[in-house]
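Visitor: If you read the sequences in order, they're chains A and B. So in the numbering used here, spot 15 of the first sequence is number 15, and the numbers just go up one at a time. Each number in the numbering used here comes from the position in the second sequence (counting from 1) with 296 added on. Glycine residues also receive a C-beta, built at the ideal position from the N, C-alpha and C atoms.
Number of protein chains: 2
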Amino acid sequence: MKKRIFGEIKGIFEGDSFDNRIDLSISKVHRPTQAGISGSENEGSDSIVISGGYEDDEDLGNIIIYTGHGGRSNNSKVQVADQTLTRGNKALAISCEKGLPVRVIRGYNKQSKFSPEEGYRYDGLFLVKDYWRDKGKSGYVIWRFRLEKISNKINLLDEVKRNTVSEPVSNYGSTVRQKYFVSRVIRETRIAQYIKELYNDACQVCGIQIKSQVTSYSEAAHIKALGKPHNGPDTKENILCLCPNHHTMFDLGIISIDDNFNILGIDGVILKVHPKHIIDKEFVKYHREHHYKKLS
Amino acid sequence: MKKRIFGEIKGIFEGDSFDNRIDLSISKVHRPTQAGISGSENEGSDSIVISGGYEDDEDLGNIIIYTGHGGRSNNSKVQVADQTLTRGNKALAISCEKGLPVRVIRGYNKQSKFSPEEGYRYDGLFLVKDYWRDKGKSGYVIWRFRLEKISNKINLLDEVKRNTVSEPVSNYGSTVRQKYFVSRVIRETRIAQYIKELYNDACQVCGIQIKSQVTSYSEAAHIKALGKPHNGPDTKENILCLCPNHHTMFDLGIISIDDNFNILGIDGVILKVHPKHIIDKEFVKYHREHHYKKLS
Chain A
1 MKKRIFGEIK
11 GIFEGDSFDN
21 RIDLSISKVH
31 RPTQAGISGS
41 ENEGSDSIVI
51 SGGYEDDEDL
61 GNIIIYTGHG
71 GRSNNSKVQV
81 ADQTLTRGNK
91 ALAISCEKGL
101 PVRVIRGYNK
111 QSKFSPEEGY
121 RYDGLFLVKD
131 YWRDKGKSGY
141 VIWRFRLEKI
151 SNKINLLDEV
161 KRNTVSEPVS
171 NYGSTVRQKY
181 FVSRVIRETR
191 IAQYIKELYN
201 DACQVCGIQI
211 KSQVTSYSEA
221 AHIKALGKPH
231 NGPDTKENIL
241 CLCPNHHTMF
251 DLGIISIDDN
261 FNILGIDGVI
271 LKVHPKHIID
281 KEFVKYHREH
291 HYKKLS
Chain B
297 MKKRIFGEIK
307 GIFEGDSFDN
317 RIDLSISKVH
327 RPTQAGISGS
337 ENEGSDSIVI
347 SGGYEDDEDL
357 GNIIIYTGHG
367 GRSNNSKVQV
377 ADQTLTRGNK
387 ALAISCEKGL
397 PVRVIRGYNK
407 QSKFSPEEGY
417 RYDGLFLVKD
427 YWRDKGKSGY
437 VIWRFRLEKI
447 SNKINLLDEV
457 KRNTVSEPVS
467 NYGSTVRQKY
477 FVSRVIRETR
487 IAQYIKELYN
497 DACQVCGIQI
507 KSQVTSYSEA
517 AHIKALGKPH
527 NGPDTKENIL
537 CLCPNHHTMF
547 DLGIISIDDN
557 FNILGIDGVI
567 LKVHPKHIID
577 KEFVKYHREH
587 HYKKLS
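(1) Measuring CB atoms only, is the segment 573-584 of chain B touching the segment 525-537 of chain B, in the sense that at least three cross pairs come out at less than 8 angstroms?
(2) Alpha carbon to alpha carbon, what distance is there between G124 (chain A) and I48 (chain A)?
(3) Under the three-state reduction of DSSP, which class applies to S38 (chain A): helix, strand or coil?
(4) The segment 18-47 of chain A: which residues have C-beta closer than 9 angstroms to a C-beta of chain B, in chain order?
(5) Counting along the chain, where does the beta strand (DSSP E) carrying V49 (chain A) start and finish?
(6) With H, G and I counted as helix, E and B as strand and the rest as coil, what does DSSP make of R458 (chain B)?
(7) Should the segment 14-21 of chain A be regarded as contacting the segment 108-120 of chain A, the criterion being three or more beta carbon pairs within less than 8 angstroms?
(8) Could one say the Cβ of P529 (chain B) lies closer than 7 angstroms to chain A's Cβ atoms, at least one of them?
(9) Could you list the residues in the segment 237-259 of chain A with a C-beta less than 8 angstroms from some C-beta on chain B, going in chain order?
(10) What are the boundary residues of the alpha helix (DSSP H) that includes K581 (chain B)?
(11) Got a sec? Which residues, its chain only, sit under 7 angstroms from L100 (chain A) by beta carbon, not counting five neighbours each side?
(12) Relative to the C-alpha of R144 (chain A), which candidate in A:E188, A:S138, A:V128 has its C-alpha closest?
(13) Under 7 angstroms between beta-carbons, which chain B residues line up against Q111 (chain A)? List them in chain order, please.
(14) So that I know if they touch, is there some Cβ in chain B lying closer than 7 angstroms to that of K149 (chain A)?
(15) Please go through the same chain and pick out, in chain order, the residues whose beta-carbon is closer than 6 angstroms to the beta-carbon of I550 (chain B), but skip the five residues on each side of it.
(16) Show which residues of chain B have a CB atom less than 9 angstroms away from the CB atom of I195 (chain A).
(17) Which residues in chain B have a C-beta closer than 9 angstroms to the C-beta of Y66 (chain A)? List them in chain order.
(18) Name the chain A residues that come within less than 9 angstroms of H508 (chain B), Cβ to Cβ?
(19) Answer yes or no: does any C-beta atom of chain A fall closer than 7 angstroms to that of R429 (chain B)?
(20) In terms of residues, what are the limits of the beta strand (DSSP E) holding T544 (chain B)?
(21) Can you check whether the C-beta of P525 (chain B) is within less than 7 angstroms of a C-beta belonging to chain A?
(22) Where does V569 (chain B) land, buried or exposed, given buried means 16+ other C-beta within 10 angstroms?
(23) Looking only at its own chain, which residues have a Cβ that is under 7 angstroms from the Cβ of S302 (chain A), when we skip the five neighbours before and after it?
(24) Does H69 (chain A) get closer than 7 angstroms to chain B when you measure Cβ to Cβ?
(25) Going by DSSP, what residue range makes up the beta strand (DSSP E) through D430 (chain B)?
(26) In chain order, what residues of the segment 512-524 of chain B put their CB closer than 8 angstroms to some CB of chain A?
(27) Assuming L198 (chain A) is part of the alpha helix (DSSP H), what are its boundary residues?
(28) How many Å lie between I322 (chain B) and S369 (chain B) at the Cα?
(29) Which residues of chain B have a Cβ atom closer than 9 angstroms to the Cβ of E188 (chain A), listed in chain order?
(30) Go through the segment 344-420 of chain B residue by residue and report every complete run of the beta strand (DSSP E) that reaches 3 residues or more, in order.
(31) Quick check: the Cα distance between T67 (chain A) and V29 (chain A), rounded to an integer number of angstroms?
(32) Exposed or buried, which one is F309 (chain B) when buried takes at least 16 other CB atoms within 10 Å?
(33) Going by alpha carbons, who is nearest to S76 (chain A) out of A:A93, A:D57, A:C96, A:G52?
(34) Can you tell which of A:G268, A:D234, A:N200, A:E219 has its C-alpha closest to the C-alpha of F298 (chain A)?
(35) Identify every residue that forms a DSSP beta bridge with H222 (chain A).
(36) Can the beta-carbon of I223 (chain A) be found closer than 7 angstroms to that of F283 (chain A)?
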């Protein structure tokens, strides 16, 4: 088994064309030669191919409403049964909740103005911003996914110095983060994903683990903030795994941490720290002195 | 006392010039004729003027690191004492936590390439994305604010039909929402602000009210999601006041609501509903049928 690659494939650029599914597979852009969704029920989905012109798909260019798989007859693309949140559908749901980037490949399809003239074209990275159950045109249950293109235009992190990081290696380029008004899905860096996995998504302040039907959810909080003028690094030593409430409270300086990892702002609570997670006390001190509001 | 206007002023457009502070004041773009920060300790700040070339300001164009007021001698712009999180500084902090848009006016200043050649220029709406305590160049405590321009370029809500709303009247245009990697500050619509105020920022699921040093924090959750293909409206009947954790759980379909306002997904909990808040059960049904994941 080859390791699943999330994000850009080295040497492949947006707009690159491929004659057929075999070429796509060899290039690693989309491994399966038949399935439209590449992914697993544990790791999430790393790429999809849009080519079928499925009756419920809607391709709006930078926004794609993608229909899951299953429940179709072998010979046609028409629904004949309900879809379930399993296999590729579950993989896409995990990519949504974990903020994993999904490579989108469009195949020739005379019904879509966004499809290539022939063959297949790699059209860049998207985030699954939302997913939901719906009734398809045939009356059966379908699972739908809203994919949004990760913008190259505005990258607030242009200003963040890309710090030298040895492990784990980032395998998906720059660290664009966005928020869609419907959900709080953001794209996390590989480092952030690593810390969240280390804690199994349990909050380091309260221990809460938000469990969904497909995976669990937490947020990566940078202790010394990224961006000007703080310029904190995107490294393990500068990241905490927090629930949304404690992330908010940390960012707003309602809580902070002392040098013994006591939580300031909540009496008698100590930050839970995994033995493999070395937190840099310089960053903690920076947060305390600059962001913790009670000092004043 | 005239009502404080947050957001755009009718008839005034980005790039409009003003000869002096009196004209600025009459136009309502920036009411005070002396102070750099317009705002109050209860409502937040609605506008600032950047003109002083204060020693700790940094104008990067679409990002401004703005220094608070206080602690300066009358005759110079040099710090002679610590600043406190009061008056205009507190107002800007509230605008940060509430996601209120701040009008930015730049005055002539030979040290900044972003300043106008003469007089004053209205440069559009910004969000205060972060604020923190720092040591200024003079060694005294200063309060700093990171302002980011609200982008006109990418407006995901272009697709959202602007629904006819009678009350409360939106006084700040379109509903751009963004997320900066450091904070979860987003721009809320006037309607969303209204609902959050109605509940005094207490979560309708768990009752938690996240209190900061300057105000309290909650999030507005749309029951039937905005945007394609859901096209839920931005109206009171479609908005809940939630803490970040329950907002996340609601958006991910971990929890939902039945027709008697019992919370689905958490046993024995009923949604707290203010008598003035009429929730449309059609939207609740939509969320339950489309987003609540346990059905499957």
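Guide: Reading from the atomic positions:
(1) The segment 573-584 of chain B, when compared against the segment 525-537 of chain B, does touch it at the 8 angstroms Cβ threshold.
(2) Residue 48 (chain A) sits at position 48 when you count from the first residue of the first sequence. Residue 124 (chain A) sits at position 124 when you count from the first residue of the first sequence. Their backbone Cα atoms lie some 11 angstroms apart in a straight line.
(3) As a working note, residue 38 (chain A) is residue 38 in the first sequence. Strand, per DSSP.
(4) If you check each beta-carbon in the segment 18-47 of chain A against every beta-carbon of chain B, none falls closer than 9 angstroms.
(5) Here the question's residue 49 (chain A) lines up with position 49 in the first sequence. Element bounds for V49 (chain A): 44-50.
(6) The residue you call residue 458 (chain B) lines up with position 162 of the second sequence. Confidence is the limiting factor: at R458 (chain B) the pLDDT is only 29, short of 50, which leaves the residue's position unreliable, though a coordinate-based value still follows. Judged by DSSP in its simplified three-state form, R458 (chain B) adopts coil rather than helix or strand.
(7) yes
(8) Stepping through the second sequence from its first residue, residue 529 (chain B) is reached at position 233. No, because no Cβ of chain A sits closer than 7 angstroms to the Cβ of P529 (chain B).
(9) C243, P244, N245, H247, T248, M249, D251, L252, G253, I254
(10) What you label residue 581 (chain B) is simply residue 285 of the second sequence in a count that begins at 1. 577-586 is the span of the alpha helix (DSSP H), which, as asked, contains K581 (chain B).
(11) Position 100 of the first sequence, counting from 1, holds the residue named residue 100 (chain A). So the list reads F6, G44, once near-sequence residues are dropped.
(12) On the first sequence, residue 144 (chain A) is found 144 positions in, with the first residue counted as 1. The residue with the shortest Cα to Cα distance from R144 (chain A) is A:V128.
(13) Here residue 111 (chain A) refers to the residue found at position 111 when the first sequence is read from its first residue. Within 7 angstroms Cβ-Cβ: nothing; Q111 (chain A) doesn't reach chain B, min ~18 angstroms.
(14) If you number the first sequence from 1, residue 149 (chain A) lands on position 149. For K149 (chain A), the answer is no, since every Cβ of chain B falls outside 7 angstroms of its Cβ.
(15) For this step, residue 550 (chain B) is matched to residue 254 along the second sequence. Counting only Cβ-Cβ distances below 6 angstroms, and skipping sequence neighbours, we find G561.
(16) Stepping through the first sequence from its first residue, residue 195 (chain A) is reached at position 195. None at all; the shortest Cβ gap to chain B is about 15 angstroms.
(17) For this step, residue 66 (chain A) is matched to residue 66 along the first sequence. Those within 9 angstroms of Y66 (chain A) in chain B number zero; the least Cβ separation is about 12 angstroms.
(18) For the purposes of this step, residue 508 (chain B) is identified with residue 212 of the second sequence, where counting begins at 1. Going by the sequence as given, residue 508 (chain B) is Ser instead of His. Neighbours of S508 (chain B) on chain A, chain order: M249, L252, G253, I254, K293.
(19) Here residue 429 (chain B) corresponds to residue number 133 of the second sequence, with the count starting at 1. At least one chain A Cβ lies under 7 angstroms of R429 (chain B).
(20) Here residue 544 (chain B) refers to the residue found at position 248 of the second sequence. Annotation for T544 (chain B): no beta strand (DSSP E) segment contains it, though the alpha helix (DSSP H) segment containing it runs 540-547.
(21) Position 229 of the second sequence, counting from 1, holds the residue named residue 525 (chain B). Chain A, which has a Cβ nearer than 7 angstroms to the Cβ of P525 (chain B), makes this yes.
(22) Here residue 569 (chain B) refers to the residue found at position 273 of the second sequence. Under this definition V569 (chain B) is an exposed residue.
(23) The first residue shown for chain A is 1 and the last is 296, placing residue 302 (chain A) beyond what the model contains.
(24) Numbered from 1 along the first sequence, position 69 holds the residue referred to as residue 69 (chain A). No, H69 (chain A) does not count as interfacial toward chain B.
(25) What you label residue 430 (chain B) is simply residue 134 of the second sequence in a count that begins at 1. 416-431 is the extent of the beta strand (DSSP E) around D430 (chain B).
(26) Those residues of the segment 512-524 of chain B that come within reach of chain A (Cβ to Cβ, closer than 8 angstroms) are Y513, H518, A521, L522, G523, K524.
(27) If you number the first sequence from 1, residue 198 (chain A) lands on position 198. Residues 190-198.
(28) For the purposes of this step, residue 322 (chain B) is identified with residue 26 of the second sequence, where counting begins at 1. For the purposes of this step, residue 369 (chain B) is identified with residue 73 of the second sequence, where counting begins at 1. A straight line joining the alpha-carbon of I322 (chain B) with that of S369 (chain B) spans about 28 angstroms.
(29) Residue numbering aside, residue 188 (chain A) sits at position 188 when the first sequence is read from its first letter. Residues of chain B passing the Cβ test: none, with the nearest at roughly 10 angstroms.
(30) 359-363, 397-403
(31) Taking the first sequence and counting its residues from 1, one reaches residue 67 (chain A) at position 67. Taking the first sequence and counting its residues from 1, one reaches residue 29 (chain A) at position 29. Taking the straight line from one Cα to the other gives about 20 angstroms.
(32) If you number the second sequence from 1, residue 309 (chain B) lands on position 13. Counting Cβ neighbours within 10 Å, F309 (chain B) comes out exposed, since fewer than 16 surround it.
(33) Against the first sequence, residue 76 (chain A) aligns to sequence position 76. Per the Cα distances, A:G52.
(34) This structure does not reach residue 298 (chain A), given that chain A is present from 1 up to 296, and the question cannot be answered.
(35) Against the first sequence, residue 222 (chain A) aligns to sequence position 222. Answer is A:I239, bridged to H222 (chain A).
(36) In the first sequence, the residue the question calls residue 223 (chain A) occupies position 223. In the first sequence, the residue the question calls residue 283 (chain A) occupies position 283. Yes, they are a contact pair.
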